[in-house]
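S.K.:
Chains as they are written, first to last, in the working numbering: chain A, -3 to 311; chain B, 1294 to 1605.
(1) Since residue 1432 of chain B contacts residue 39 of chain A with CB under 8 Å, what's their CB separation in whole angstroms?
(2) Can you list, in chain order, the stretches of the beta strand (DSSP E) that have 3 or more residues and sit fully within the stretch 1322 to 1388 of chain B?
(3) Could you give the C-beta distance for residue 62 of chain A and residue 49 of chain A, rounded to a whole number, given that I count them as a contact under 8 Å?
(4) When you compare the CB of residue 219 of chain A with every CB in chain B, is at least one pair closer than 8 Å?
(5) Run the CB neighbour count on residue 1357 of chain B, radius 10 Å, all protein chains shown included, and call it buried at 16 or more, exposed below.
(6) Measure the alpha-carbon distance for residue 1391 of chain B versus residue 1447 of chain B and round it to whole angstroms.
(7) List, in order along the chain, the chain A residues whose C-beta lies closer than 7 Å to that of residue 1436 of chain B?
(8) At a Cβ threshold of 8 Å, is residue 1599 of chain B touching chain A?
(9) Using DSSP with H/G/I as helix, E/B as strand and the rest coil, what is residue 1516 of chain B?
(10) Given that a residue counts as buried once 16 or more other Cβ atoms are within 10 Å of its Cβ, and exposed if not, what is residue 1377 of chain B?
(11) Would you call residue 1434 of chain B buried or exposed, if buried means 16 or more other Cβ atoms sit within 10 Å of its Cβ?
(12) With a threshold of 16 other CB atoms inside 10 Å of the CB of residue 123 of chain A, please say whether the residue is buried or exposed.
(13) Specify whether the stretch 1400 to 1409 of chain B and the stretch 3 to 17 of chain A touch according to this definition: at least 3 beta carbon pairs, one from each stretch, less than 8 Å apart.
(14) Using the three-state DSSP reduction, which class does residue 1450 of chain B fall into: helix, strand or coil?
(15) Check residue 61 of chain A in the structure and name its three-state DSSP category.
(16) Output needed for residue 1605 of chain B: all residues of its chain with C-beta closer than 8 Å, excluding positions within five of it in sequence on either side, in chain order.
(17) Mind checking if residue 88 of chain A is an interface residue toward chain B, Cβ cutoff 8 Å exclusive?
(18) When you check each C-beta in the stretch 226 to 255 of chain A against every C-beta of chain B, which residues fall closer than 7 Å?
(19) The alpha helix (DSSP H) that contains residue 212 of chain A, what's its start and end?
(20) State yes or no: is the C-beta of residue 1516 of chain B within less than 8 Å of the C-beta of residue 1315 of chain B?
(21) Just list the alpha helix (DSSP H) runs in the stretch 49 to 137 of chain A, keeping only unbroken ones of 4 residues or longer that don't cross its boundaries, in chain order.
(22) Do three or more CB pairs link the stretch 220 to 233 of chain A to the stretch 179 to 195 of chain A at distances below 8 Å?
(23) Taking the straight line between their C-alpha atoms, what separation do you get for residue 96 of chain A and residue 1347 of chain B?
(24) Given a cut-off of 8 Å, decide if residue 230 of chain A and residue 84 of chain A are closer than it, judged by their beta-carbon atoms.
(25) Report the option in A/132, A/30, A/292 and A/52 whose CA atom is closest to the CA atom of residue 273 of chain A.
(26) For chain A, find out if any of its Cβ atoms is closer than 8 Å to the Cβ of residue 1517 of chain B; answer yes or no.
(27) Taking the alpha helix (DSSP H) that residue 1421 of chain B belongs to, which residues open and close that run?
(28) Measuring only the C-alpha atoms, how far is residue 136 of chain A from residue 1326 of chain B?
(29) Identify, in the order they occur along the chain, each residue of the same chain with its Cβ nearer than 7 Å to the Cβ of residue 1451 of chain B, setting aside the five sequence neighbours on each side.
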């Protein structure tokens, strides 16, 4: 202690005490510190490429600054960017429209099942698609959705002409959304099932005593109890609107003529950067996406806080 | 909400004594039908590929999609297992999956344990920065250039190290360790145990559930990963199974595979090798190891999410 009379530790003294107490642990912290400095911090610095005319052989220091030229190129000189932006928003919105409610409804229906056995088996099977990569799924669906494949066969039984799921501008979106929901609804329901399982059974008992029917119990007990988790999920999904479909769009074997109707911004970022080696342009695009996504998730969080109060937000 | 409640078997919500109205009975019946339907559409795509991979080729041209094979056709699998890149892919992927899983578990644990102590110096700073890493990052190209500058292009380092630490996993383990009773550590400290001893002999064994979950997720993810390989690896002897699969399935890079098939001629009994069967076989070969162990590990996957959601 720096003086000889008793006093509560000053901030600096407390800091020294805590450091001494956790000396070894701070050594352990070196690992994440170094890791994130290298793999997160350095690329963050590398984002400066977006403001330079970066040529890979010249390196960072030797590449001249060009300010916002690349952003300008994207905004005004590049026709495809806006089309891809439209694709991205359309795809994300539709995926959200169908993909957000699906696990919720599934979770509620699953917990309303009377047979435990059926429930468990259904869960095991429906969780499965989540674990498969879009590479594998692309192979599976290329066949299933093909003109001579099983889905068109079933449609044909009803007398409908075969639908070109992989080659038609409208149906390709149907296919993308359907497969995405198919992949995620089972796994996505886990969090809701856990929430429902945690609901106080006395609430249900009270509802039964008050004469509530099954549907009323779902409406007045189950769903209100899910509002917190629904809000959190909604906030988290807000940030993903500009991305999230790379794997699927990149791998799904859509026909060439509809490619430009499904290409999303992250696929474009890849094409620009890796295929066309336009590093600066690609980084500029990535940076813009990042900033917008970040802004969206922060605003969603603020809105959630205003509506529901502190505990229902991410932080 | 306590964890035990969320992971306990879900019990029926209503007492058996309540009569069901007619509409409720209808609802229950339709619900069961719906579940069966959902199971069917989830399962059928795999089943279809599995069957296609060993059914006689003539089955494919009968007009209706294949439900059950009418015989056993070893052709496609013979071709596939004669195809060198598949084995190369298997070997590489096995190594990379195991190595990166081991690294991830160890490093995540080392990062999470100190962070479970709120009086750690810079605790707030670390937490905030870690949260930021979840929100934004350098992006695709700066990441690529980093790997290049590290000299890791075309090496396995590029596949194993980046991604071994993630804020989500760190928070998961941290929150789990936080729930362990402090008395354990305190009494160990009183007994004179050093920090390292406490870490390895007390905390680690108790954290096995969450560490196992992370190991599982990572392994399953790495087994099929293809993207890093696509970006960073040129050497075909270093390819992962995921990339091999992608080349065949997505790029229709079937030429080499077809050449293998040439030596396998079809006979009149219909035991030929159709392209569709080859791709089906590749799919089966890629996914089979995982599907085999999946039922056994499924509950650990689920537990992990629940732990994360409820406590996080």
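Glycine is no exception: its CB is placed at the ideal position from the N, C-alpha and C atoms.
M.R.: Based on what the coordinates show:
(1) Yes, residue 1432 of chain B and residue 39 of chain A are in contact; Cβ-Cβ is about 7 Å, under 8 Å.
(2) Counting whole runs of 3 or more residues, the stretch 1322 to 1388 of chain B contains no beta strand (DSSP E) stretch at all.
(3) The Cβ separation is near 5 Å, so the contact holds.
(4) It does not: the Cβ of residue 219 of chain A has no partner Cβ on chain B nearer than 8 Å.
(5) Around the beta carbon of residue 1357 of chain B, fewer than 16 other beta carbons sit within 10 angstroms, so the residue counts as exposed.
(6) The straight-line gap from Cα to Cα measures roughly 19 Å.
(7) 39, listed in chain order.
(8) At least one CB atom of chain A sits nearer than 8 Å to the CB of residue 1599 of chain B.
(9) The DSSP-derived three-state label of residue 1516 of chain B is helix.
(10) When all chains shown are included, residue 1377 of chain B counts as exposed.
(11) Flag for residue 1434 of chain B reads buried.
(12) Residue 123 of chain A is buried by the Cβ-count criterion.
(13) Judged by Cβ distances under 8 Å, the stretch 1400 to 1409 of chain B makes no contact with the stretch 3 to 17 of chain A, as fewer than three pairs qualify.
(14) Residue 1450 of chain B carries a helical assignment under DSSP once its states are collapsed to helix, strand and coil.
(15) Judged by DSSP in its simplified three-state form, residue 61 of chain A adopts strand.
(16) The pLDDT assigned to residue 1605 of chain B is 39, lower than 50, so where the model puts this residue is not dependable; a value taken from the coordinates is nonetheless given after this. 1464, 1465 and 1468.
(17) Residue contact check for residue 88 of chain A against chain B: no CB pair falls below 8 Å.
(18) Taking 7 Å as the cut-off between beta carbons, the residues of the stretch 226 to 255 of chain A near chain B are 247 and 249, in sequence order.
(19) Note, residue 212 of chain A: alpha helix (DSSP H), 210 to 213.
(20) No, they are not a contact pair.
(21) Segments of the alpha helix (DSSP H) lying fully in the stretch 49 to 137 of chain A: 55 to 58, 65 to 68, 75 to 95, 97 to 107 and 112 to 123.
(22) Output reads yes: the stretch 179 to 195 of chain A touches the stretch 220 to 233 of chain A.
(23) Within the model, the alpha-carbon separation for residue 96 of chain A versus residue 1347 of chain B is close to 38 Å.
(24) No, they are not a contact pair.
(25) Ranking the options by Cα distance to residue 273 of chain A, first place goes to A/52.
(26) Chain A contact via Cβ: present.
(27) DSSP places residue 1421 of chain B in the uninterrupted alpha helix (DSSP H) bounded by 1416 to 1428.
(28) Residue 136 of chain A and residue 1326 of chain B have their C-alpha atoms some 25 Å from each other.
(29) Only 1440, 1445, 1521 and 1525 meet the Cβ criterion.
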